[in-house]
Structure formats: structure tokens, C-alpha cells
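Below: one structure, written as C-alpha cells.
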Amino acid sequence: MTLTITSLYGLLGAALVGLGLYGLLVQPHPLRKILAFNVMGGGLFLVFDVVARRGAAAWFPADPVPQAFVITAIMMALAGTALAVAIMLRLFAETGRVTLRPEPPASSDGQGGDS
Amino acid sequence: MSGPGPIEFGLVVLIMAAAIRAHVAQATFAAALGFIAYGLLLGLVWVRLGTVDVALTAATVGAMTGVLLLSAATRMRAGERAAILERPGPALRGLIAVLCIAVSAAIALVVLMPADPAPTLAPAAAANNLHATGVGNPVTAVLMAYRAIDTLLVNVVLLIAVVAVWSMAPDSLWGGRPGPTPVRQDNEALTFLARLLPPIAVGVGIYLLWNDINEPGGAFQGGAILAAMWILARMAGLVDAPAIGRLSLRLALVSGPVVFLTAGFAGFALAEGFLAYPSGWERPVIIVINSAMTLTVAVTLAMLLEGPPTRPPSPPLAGMPTAQDAKRGER
Numbered sequence: 001m002t003l004t005i006t007s008l009y010g011l012l013g014a015a016l017v018g019l020g021l022y023g024l025l026v027q028p029h030p031l032r033k034i035l036a037f038n039v040m041g042g043g044l045f046l047v048f049d050v051v052a053r054r055g056a057a058a059w060f061p062a063d064p065v066p067q068a069f070v071i072t073a074i075m076m077a078l079a080g081t082a083l084a085v086a087i088m089l090r091l092f093a094e095t096g097r098v099t100l101r102p103e104p105p106a107s108s109d110g111q112g113g114d115s
Numbered sequence: 116m117s118g119p120g121p122i123e124f125g126l127v128v129l130i131m132a133a134a135i136r137a138h139v140a141q142a143t144f145a146a147a148l149g150f151i152a153y154g155l156l157l158g159l160v161w162v163r164l165g166t167v168d169v170a171l172t173a174a175t176v177g178a179m180t181g182v183l184l185l186s187a188a189t190r191m192r193a194g195e196r197a198a199i200l201e202r203p204g205p206a207l208r209g210l211i212a213v214l215c216i217a218v219s220a221a222i223a224l225v226v227l228m229p230a231d232p233a234p235t236l237a238p239a240a241a242a243n244n245l246h247a248t249g250v251g252n253p254v255t256a257v258l259m260a261y262r263a264i265d266t267l268l269v270n271v272v273l274l275i276a277v278v279a280v281w282s283m284a285p286d287s288l289w290g291g292r293p294g295p296t297p298v299r300q301d302n303e304a305l306t307f308l309a310r311l312l313p314p315i316a317v318g319v320g321i322y323l324l325w326n327d328i329n330e331p332g333g334a335f336q337g338g339a340i341l342a343a344m345w346i347l348a349r350m351a352g353l354v355d356a357p358a359i360g361r362l363s364l365r366l367a368l369v370s371g372p373v374v375f376l377t378a379g380f381a382g383f384a385l386a387e388g389f390l391a392y393p394s395g396w397e398r399p400v401i402i403v404i405n406s407a408m409t410l411t412v413a414v415t416l417a418m419l420l421e422g423p424p425t426r427p428p429s430p431p432l433a434g435m436p437t438a439q440d441a442k443r444g445e446r
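So the sequences go chain by chain: A and B. So in my numbering, the last spot in the first sequence is 115, and the numbers never skip. So in my numbering, the last spot in the second sequence is 446, and the numbers never skip.
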């Protein structure tokens, strides 16, 4: 099959979801996790938009229902991000640490399992 | 459809580079800058895909997310070193990478194996009753008529998010002003831009609101641009954030859901049911709801970016003297 513009961007979206998911799991800093979460979100919205483009019919350039969902989802992502940042800043103000672990981190590297 | 050209491949390469930069940058500040580039480039992709409504929202909101992350990164520089030590070990990282690639491959497979013809009810829905909504832009028709309940709930969730962000404030600061005290910047370019752009952007925002009836635009897009202008003027130190206890602020925050719900319940009396618009009046009703929603979205986004209150309310608020007195007594 030939690669169309739509499927190229769909593949980009798929790659971004994986990249963002990896960052969300691996990055230790909560702010970096939030950032990776937004990268993943961008990829997901792109895949959804490709679906909208697939549904192009009648005189529409793209199916309007997925488009409307993506617009509302973008708003939700910002609201979630703002809340996560507020919680993180409060944690930092209270404890002076930016870790999600209950105890201060050990000085040795490599053993870290959960994050 | 024609195949992808150099613009398409260039955009893909740039976006991947920005996304990887946002992951591997040493400093969180640099990572946030990478994210801003990523958001703006993604906006271009949406334009290329012909979904301009999404592009407008994504570019504006993406930049706002970037600003949010940047300001948080500058306030949290101290803990960065300690956090790096918590990175999982190489074996676990490898396992996570393999699983993430599997997720990407699964999505890619779905993208590459499209249903043909693509399942869509859009033509049938458009043929039957799009004209009845009095709206020419199908995305607005979906947001305001077909799926109006979703849009209403999104508005309510935005409101809840603001309440949740505010509730992160220590008790002593409740009712105060969020963010830093405005300092007039010596940076003349910033001050100039902050004076020049907002009047233009207010025009653009209102145009987007009005225009969404037939062309790309709408409450979310217009509201996001208005909120962005607030942030610009705020960074230049030209305005100060309102105290979160202020009545006018709270009225602006709830105006969208209140008008939307009023119109929804009026549907019981004037039309077939909840959120049904009276026949012949669809367009004016949608414009009124959209106007209130634009105000709510603009104020909500601005308040989400301002964050929880950081300064105590200077003149004690009439509404909450008991709480304030109680806090003073504790100290």
C-alpha cells in the first residue's frame, strides 16, 4: 500500500504515544512525568484526528465528531496538567523535595524499581 | 490523495526531534522549552490535516501548557538532582522501552489497516438535520447541538479543576491573590507587546466566537486566545491577578455553565427536552451560550495558569471574616 499523508501522521502519533508513555514511566521527576504525559496526549490527539480525517465524507474535510472530542480533550488535558502542577508545587513547598517516594532517595543508583 | 511531500516529512522529523528533546534534556527548563516547540509544530500538523478548529485550540493550549511547565520548572530547580537518582535501572528501562514500542506498534497497525470505506454517520447526519441547527461549521454544530451535553460537562469539569487548584492553597492564603506581585518589567519589548497585542487579540477572540457559526472558531478557541493575552499582560506586570474571593471573578467563572444549564432547562418548556433549542431560535441561542462560554473558558484558563493563591487577601473579604479570624487566632 502507498503511504498517504494521513497515515504518515497516524504513524507519527503512534510513535509519540510510545515515547510519551516511556517518559511517563521512566522519568523520575514529577514535572518531567507531567511533560511526558502531555507528549503522549499530543500523540493520542493526532491519532484521533487521523481517524477524523478517515471519516471525511459529505462536504466535510474531516469527520466533525472526533474533531469536537479532540478540542474538548485538549481542554481537559490542560486542566489536568494545571492541577498536577499545583499539587506538585505544594508538595515541594511543604517538603522541599520533588520525589514521589515516601522516604528520601538512597544515594545508590540502579536499584530503583518503582516510580 | 497525493503522497506526503517534503513538508510532511520535515514536520515529522522536527516533531520527533522536539519530543525527544523534551525527554532527554538535562534541565527541566530546557525540556519545557522543547515541549513548547513540540506543541506549536503539532498545531501545524493539524492545519495540514485540514482540521483548523483543532489546530487553533491545540496551538494556543499547547503554548499555555508550556508556560505552566516553565514557571513550575523555575520554582523547582532545587530538587532536580535528587530526583535523577530515582531513575529505574537499565534492565527495567529496557523492559519498559520494549512494552512502549509494543503499544506504538499496535496503534501503528490500526492506523495502517483502515476500514474501507471508513465508518461514518456524518453524511447521513448532515443530510438530515445539520441545517436545522442554523450553524454552518460542522464542528460547532457537534459541540453546541449534537453533543451539547458533553460541552456542558467539559465546562463544569474546567470549573472543578479551578476549585481543585485553588484548594491547594494553605488555609491562611484562602481568598487571596494567586501568582507573584506584578513587577513592571524593564523589558520594553515585552511591555510594548503586552500593550499592543491584547486589543487585537480581543478582536480576534470575538471574531472567532462570532465566526464559528460558519467558519473555524468557537468558544474554546476564542477563550484560549483571550486567556493567552491575559498571561502576556500579566508577565509584563501591567495587570494583577484578582483575589479568588472576588464576586465578579466567581460570576465570570460560572457564567458559561449557568447560561448553558438555563438554556438546557428552558428546552423542557420551549422545545422537546433538555438542551433542545426552540425551533427557529437555534442560532441566537447558540450565540448567547457560546458568548458566556467564551468568558468562562478565558477566565478559567487564566486562573488555571495563575495557580493557587500565594498572597493573603489584603483588605479582609466581607464574605469570609470568620475563617480569616480563626486562622489569625491559630498563629
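Heads up, the beta-carbon is just placed ideally off N, CA and C, and yes, glycines get one too. Bear in mind the structure is a predicted one, so any value in this text is a computation, not a measurement.
Notebook entry, point to check: Among the residues of its own chain, which have a CB less than 6 Å from the CB of residue 336(B), if the five just before and after it don't count?
Noted result: Here the question's residue 336(B) lines up with position 221 in the second sequence. Excluding positions up to five away in sequence, the list reads 171, 172 and 323.
Notebook entry, point to check: How many Å lie between residue 326(B) and residue 138(B) at the Cα?
Noted result: Taking the first residue of the second sequence as position 1, residue 326(B) is located at position 211. Taking the first residue of the second sequence as position 1, residue 138(B) is located at position 23. Cα-Cα distance, rounded: 38 Å.
Next item on the list: Determine the DSSP secondary structure at residue 116(B), reduced to helix, strand or coil.
Entry: In the second sequence, the residue the question calls residue 116(B) occupies position 1. Confidence at residue 116(B) is low in this model, with a pLDDT of 48, below 50, so its placement is unreliable and no value can be given for it.
Notebook entry, point to check: So, helix, strand or coil for residue 306(B), using DSSP?
Noted result: Position 191 of the second sequence holds residue 306(B). Here residue 306(B) sits in helix by DSSP.
Notebook entry, point to check: Would the beta-carbon of residue 296(B) fall within 8 Å of that of residue 351(B)?
Noted result: Residue mapping note: residue 296(B) aligns to position 181 of the second sequence, counting from 1. Residue mapping note: residue 351(B) aligns to position 236 of the second sequence, counting from 1. In this structure, residue 351(B) does not lie closer than 8 Å to residue 296(B) by Cβ.
Notebook entry, point to check: Under three-state DSSP, which class holds residue 166(B)?
Noted result: For the purposes of this step, residue 166(B) is identified with residue 51 of the second sequence, where counting begins at 1. For residue 166(B), the secondary structure class from DSSP, reduced to helix, strand or coil, is coil.
Notebook entry, point to check: Leaving out five residues before and five after residue 427(B) in sequence, what residues of the same chain have Cβ atoms less than 7 Å from its Cβ?
Noted result: The count along the second sequence starts at 1 and reaches residue 427(B) at position 312. Sequence-distant Cβ neighbours of residue 427(B) in its own chain, meaning closer than 7 Å and more than five residues away, are 287, 288 and 291.
Notebook entry, point to check: Do you know how far the Cα of residue 121(B) is from the Cα of residue 265(B)?
Noted result: Translated into the one-based positions of the second sequence, residue 265(B) becomes position 150. Translated into the one-based positions of the second sequence, residue 121(B) becomes position 6. If I take the Cα positions, the gap works out to 38 Å.
Next item on the list: Output the residue ranges of the alpha helix (DSSP H) runs that lie fully inside the segment 22 to 69 of chain A and measure 4 residues or longer, sorted by chain position.
Entry: 30 to 54
Item checked: Reduced DSSP category for residue 425(B) - H, G, I as helix; E, B as strand; rest coil -> Walking along the second sequence from the start, residue 425(B) turns up at place 310. Looking at residue 425(B) - three-state DSSP - the assignment turns out to be strand.
Check: So what does residue 293(B) bridge to, in DSSP terms?
Finding: Reading the second sequence from its first residue, position 178 is the one you call residue 293(B). According to DSSP, which records beta bridges pairwise, residue 293(B) is partnered with 424(B).
Next item on the list: Could you have a look at residue 351(B) and say whether DSSP puts it in helix, strand or coil?
Entry: For the purposes of this step, residue 351(B) is identified with residue 236 of the second sequence, where counting begins at 1. The answer is coil: DSSP assigns residue 351(B) none of H, G, I, E or B.
Checklist line | alpha helix (DSSP H) segment containing residue 121(B), residue limits | finding: Here residue 121(B) corresponds to residue number 6 of the second sequence, with the count starting at 1. Taken as a continuous stretch (DSSP letters only), the alpha helix (DSSP H) holding residue 121(B) covers 121 to 139.
Note to self: Applying the 10 Å Cβ sphere with the 16-neighbour rule, what's the burial state of residue 39(A)?
What the structure shows: Residue mapping note: residue 39(A) aligns to position 39 of the first sequence, counting from 1. By the Cβ neighbour-count rule, residue 39(A) is buried, with 16 or more other Cβ atoms within 10 Å of its own.
Check: Who are the neighbours of residue 123(B) on chain A, taking C-beta pairs under 8 Å?
Finding: Position 8 of the second sequence, counted from the start, is the residue given in the question as residue 123(B). The contacting residues are 5, 8 and 9.
Next item on the list: At 9 Å on the CB atoms, spell out the chain A contacts of residue 143(B), in chain order.
Entry: Residue 143(B) sits at position 28 when you count from the first residue of the second sequence. Neighbours of residue 143(B) on chain A, chain order: 29, 31, 32 and 35.
Note to self: What ranges does the alpha helix (DSSP H) occupy inside the segment 385 to 427 of chain B, keeping only unbroken runs of at least 4 residues that lie completely in it?
What the structure shows: 397 to 421
Notebook entry, point to check: Which of the residues in the segment 335 to 361 of chain B, read from start to end, lie with their CB under 7 Å from any CB of chain A?
Noted result: Within the segment 335 to 361 of chain B, the residues whose Cβ lies closer than 7 Å to some Cβ of chain A are 335, listed in chain order.
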